[in-house]
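Chemist: Please read through the structure below; I'll follow up with questions.
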Amino acid sequence: MPANLTPDYLNAEKAFRAARTPAEKIAALEEMYATIPKHKGTEKMRADIRRRLSKFRQAAQQARGKGGVDPFHVDRHGAGQFALVGAPNAGKSALVHAVSGAHVKVAPYPFATHGPVPGMMPFEDIQIQLIDLPPVTRDGLVPGMLGTVRAADGLLLVADLSATDLLEQIDTVLEVLAARGVVPAPAEPPEGGQASVTLLVGTKVDVDPARENLEALRDLRPDLPPILATSAETREGLDDLARRCFEMLDVVRVYSKEPGKPADMEKPFVLPRGSTVREMAAAVHRDFAQDLKRARIWGEGMYDGQPVQQDHVLSDTDVIELHV
Ligand SMILES: Nc1nc2c(ncn2[C@@H]2O[C@H](COP(=O)(O)OP(=O)(O)OP(=O)(O)O)[C@@H](O)[C@H]2O)c(=O)[nH]1
Ligand SMILES: [Mg+2]
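Every letter in the sequence shown is one number past the one before it in numbering that gives the first Met the number 0, and letter 161, counting from 1, is 160.
Set out below in C-alpha cells:
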C-alpha cells in the first residue's frame, strides 16, 4: 500500500467496509475517490474505486427500479432542475422559499436543512424546479447528496454576499465538488466527472457590506461562474434568477396548434434548443413524428401560418400547427 494515504482516505475506506446498503457503499466510495492522493502511484487504486462506484451505482439504480427508496432522489417536474449548493447559513432555503413558497426550513443557525426539498419557481408560463439541499462544508457532502447534484440540469452556487468569509465559502464549495468530479461548465470535467452549468447566486444583498463585497468579488475573481445578486428579504434579483435559470437550461418553448383551432397557449412543450418540427411532433404524440404530413408556423421572422419543413429548427415561443 502506498505510504501516503491520508487519514481522510483511510476513514473513508473504513466506512466502506462498514457500509451495508448500496447507498452507504456509494457514499463511502465517493469519499474515497475524493480523498485519495492523485498521482501515478494511486492510479490503479483510483481505477478500482471508479469500477466499484459504477457497479454500486448500477445496483442502486436497479434497486430503485424495483421500488427501493433513495431519500435523495427528487422526482423531476417542470422544464428543468437546479440543485442549490452552498455553505451553511448561505440562504439556500430562504431563496427556495422566496421563489417557490416551498415549505423549507429557514433558520438563523447553520445546518438547518437535512434532506433535499424541491420547490417550483415560475418563469412566465413554465416552472423550473429548485432543490434545496444540506450545506457543503470542508468535511464534504451528506451521503447521497452528490447524486442529486449530478442528476440536476444545473447548479446554483449560493453564497452569502454579506459574509466576511464570502470567498472562502465559495472556494470551499467549488473544491469539495471538484474533488468529487463536478466542475462548473465550461471547465473541463475530470475523467468520469461532469461539467454542470452553474450560476453563482449571491444572497442577502440587502445586508451591509454585501454590495462592496459583490464589487470586490467581480473585480478579483473573473474565473468564477456568472454572478447574480439577490435578496430573499427585498426580493431583489429574484425575477432575474428565474430568467437566468431558463437561459441556462438552453431550451425553447413551443406551442402546439391543431388545424382549425386556436393554439394551446396554456402549456408549452419544452424542448432542447436546436429541436426541429419533427422532434416537436414526436413530443406532442409519439406517432406524430412518422405520420406528420405538413406543418405551419407562427413565429418571429415568419409570416403567419408559413409552411415549414420537418427539419426546421424551432425558436422560443413558436406556434406550430401539425397536420397528420
Ligand atoms: N437579510 C437577509 N437575510 C437572509 C436572506 N436570505 C437568508 N437570510 C437569513 O439567513 C439565515 C440562513 O438562511 P437559510 O435559508 O436557512 O440558510 P441555508 O443556506 O438554507 O442554511 P443551511 O440549511 O444550514 O445550509 C436565516 O436567518 C435567514 O433568514 C436575505 O436575502 N436577506
Ligand atoms: Mg437550509
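Each residue gets a CB set at the ideal place from its N, CA and C atoms; glycine is no exception.
1) Less than 7 Å separating the Cβ of E167 from some heavy atom of ligand 1?
2) If we call anything under 8 Å between Cβ atoms a contact, is V98 one with L155?
3) Quick one, which of P109, A178, S92, Y108 has its alpha-carbon nearest H102's?
4) Spell out a yes or no on whether the segment 126-137 and the segment 76-94 are touching, meaning 3 or more CB-CB pairs, one atom from each, closer than 8 Å.
5) Please tell me whether, using a cut-off of 7 Å, the distance from the CB of T112 to the nearest non-hydrogen atom of ligand 1 is below it.
6) Do the segment 268-288 and the segment 313-321 touch if we need at least three Cβ pairs shorter than 8 Å?
7) In whole angstroms, what is the alpha-carbon distance linking L52 and F122?
8) Would you list the one or two residues that DSSP bridges to L270?
9) Taking a contact to mean a Cβ-Cβ separation below 8 Å, would you say A46 touches A158 in this structure?
10) Please name the residue or residues paired with K24 in a DSSP beta bridge.
11) Should D138 be counted as a contact of ligand 1 given a C-beta to heavy atom distance under 7 Å?
12) So the alpha helix (DSSP H) A282 belongs to, where does it begin and stop?
13) Within the same chain, show all residues whose beta-carbon is closer than 7 Å to that of L240, passing over the 5 residues directly before and after it, in chain order.
14) Along the chain, where does the beta strand (DSSP E) that runs through F110 open and close?
15) Flag P117 as yes when its Cβ comes closer than 7 Å to any non-hydrogen atom of ligand 4, and as no otherwise.
16) Using a threshold of 7 Å, is the CB atom of D205 nearer than that to any non-hydrogen atom of ligand 1?
17) Would you report the Cα separation of E42 and P188, rounded to the nearest angstrom?
18) Let me check one thing: in DSSP terms, what residues is I296 bridge-paired to?
19) Quick one: is R16 buried, meaning 16 or more other Cβ sit within 10 Å of its Cβ, or exposed?
20) Is the segment 147-154 touching the segment 192-208, taking contact as three or more C-beta pairs under 8 Å?
21) Bridge partners of M264, per DSSP?
22) Taking only three categories from DSSP, how would you classify I35?
23) Report yes if the C-beta distance between E30 and A14 is below 8 Å; otherwise report no.
24) Would you say G324 and A33 are within 8 Å of each other, going by their C-beta atoms?
25) Could you give the DSSP three-state label for P6: helix, strand or coil?
26) For E211, which option in A162, Y254, D222 has the closest C-alpha, if you only look at C-alpha atoms?
27) Taking the C-alpha atoms as reference points, what is the distance between R242 and L94?
28) Does E320 have its Cβ less than 8 Å from a Cβ in chain C?
29) Using a Cβ-Cβ cut-off of 8 Å (strictly less than) and excluding sequence neighbours within five positions of G273, which residues of its own chain qualify?
30) Can you give the Cα-Cα distance for A294 and M264, rounded to whole angstroms?
31) So, with DSSP's three-state summary, where would you put L160?
32) From V141 to A177, what does the alpha carbon distance come to, in whole angstroms?
33) With 16 as the cutoff for other CB atoms within 10 Å, does D152 come out buried or exposed?
Modeler: Put simply:
1) Along the sequence shown, one-based indexing puts residue 167 at 168. E167 Cβ: outside cutoff for every heavy atom of ligand 1.
2) As a working mapping, residue 98 is identified with position 99 in the sequence shown. As a working mapping, residue 155 is identified with position 156 in the sequence shown. Not a contact, by the Cβ cut-off of 8 Å.
3) The sequence position of residue 102 within the sequence shown is 103, counting from 1. Among P109, A178, S92, Y108, the Cα nearest to that of H102 is on S92.
4) yes
5) Translated into the one-based positions of the sequence shown, residue 112 becomes position 113. Under cutoff, so the answer is yes.
6) yes
7) Reading the sequence shown from its first residue, position 53 is the one you call residue 52. Reading the sequence shown from its first residue, position 123 is the one you call residue 122. So the two alpha carbons sit approximately 37 Å from each other.
8) Position 271 of the sequence shown, counted from the first residue, corresponds to residue 270. BP columns for L270 point to V251.
9) Translated into positions along the sequence shown, residue 46 becomes position 47. Translated into positions along the sequence shown, residue 158 becomes position 159. Their beta carbons are not under 8 Å apart, which means A46 does not touch A158 by this criterion.
10) Sequence index remark: in the sequence shown, residue 24 carries index 25 (1-based). DSSP lists no partner for K24.
11) Indexing the sequence shown from 1 puts residue 138 at position 139. The answer is no for D138.
12) Taking the sequence shown and counting its residues from 1, the one referred to as residue 282 is at position 283. Residues 276-283.
13) Start at 1 with the first residue of the sequence shown, and residue 240 comes out as number 241. For L240, where only same-chain residues beyond five positions count, the Cβ hits under 7 Å are V98, V200, L227, T229.
14) The count along the sequence shown starts at 1 and reaches residue 110 at position 111. That residue, F110, is in no beta strand (DSSP E); it is neither H nor E in DSSP.
15) Looking for ligand 4 in the displayed structure turns up nothing; the ligands present are ligand 1 and ligand 2.
16) Position 206 of the sequence shown, counting from 1, holds the residue named residue 205. Yes - ligand 1 has a heavy atom lying nearer than 7 Å to the Cβ of D205.
17) Within the sequence shown, the letter at position 43 stands for residue 42. Within the sequence shown, the letter at position 189 stands for residue 188. For E42 and P188, the distance between alpha carbons rounds to 18 Å.
18) Counting from one through the sequence shown, the residue named residue 296 turns up at place 297. Beta-bridge pairing links I296 to Q305, I319.
19) As a working mapping, residue 16 is identified with position 17 in the sequence shown. By the 10 Å Cβ count, R16 comes out exposed.
20) yes
21) Numbered from its first residue, the sequence shown carries residue 264 at position 265. BP columns for M264 are empty, so no partner.
22) By one-based count along the sequence shown, residue 35 stands at place 36. Three-state DSSP puts I35 in coil, outside helix and strand.
23) As a position in the sequence shown, residue 30 is number 31, starting the count at 1. As a position in the sequence shown, residue 14 is number 15, starting the count at 1. It is a contact, given that the beta carbons lie within the stated cut-off.
24) The shown model of the chain, from 0 to 323, leaves out residue 324, and the question about it has no answer.
25) By 1-based counting over the sequence shown, the position of residue 6 is 7. In this structure, P6 counts as helix in the three-state DSSP scheme.
26) For this step, residue 211 is matched to residue 212 along the sequence shown. Looking at the Cα atoms, A162 is the closest of the given residues.
27) Indexing the sequence shown from 1 puts residue 242 at position 243. Indexing the sequence shown from 1 puts residue 94 at position 95. Those two C-alpha atoms are separated by around 15 Å.
28) The structure shown has no chain C; it contains just one protein chain.
29) Position 274 of the sequence shown holds residue 273. These residues qualify, in order along the chain: V312.
30) Here the question's residue 294 lines up with position 295 in the sequence shown. Here the question's residue 264 lines up with position 265 in the sequence shown. Rounded to whole angstroms, A294 to M264 spans 17 Å at the Cα level.
31) The residue labelled residue 160 in the question sits at position 161 within the sequence shown. In the structure shown, L160 sits in coil (DSSP, three-state: anything other than H, G, I, E or B).
32) To locate residue 141, count along the sequence shown from 1; it is residue 142. To locate residue 177, count along the sequence shown from 1; it is residue 178. Approximately 16 Å between the Cα atoms of the pair.
33) Stepping through the sequence shown from its first residue, residue 152 is reached at position 153. Buried.
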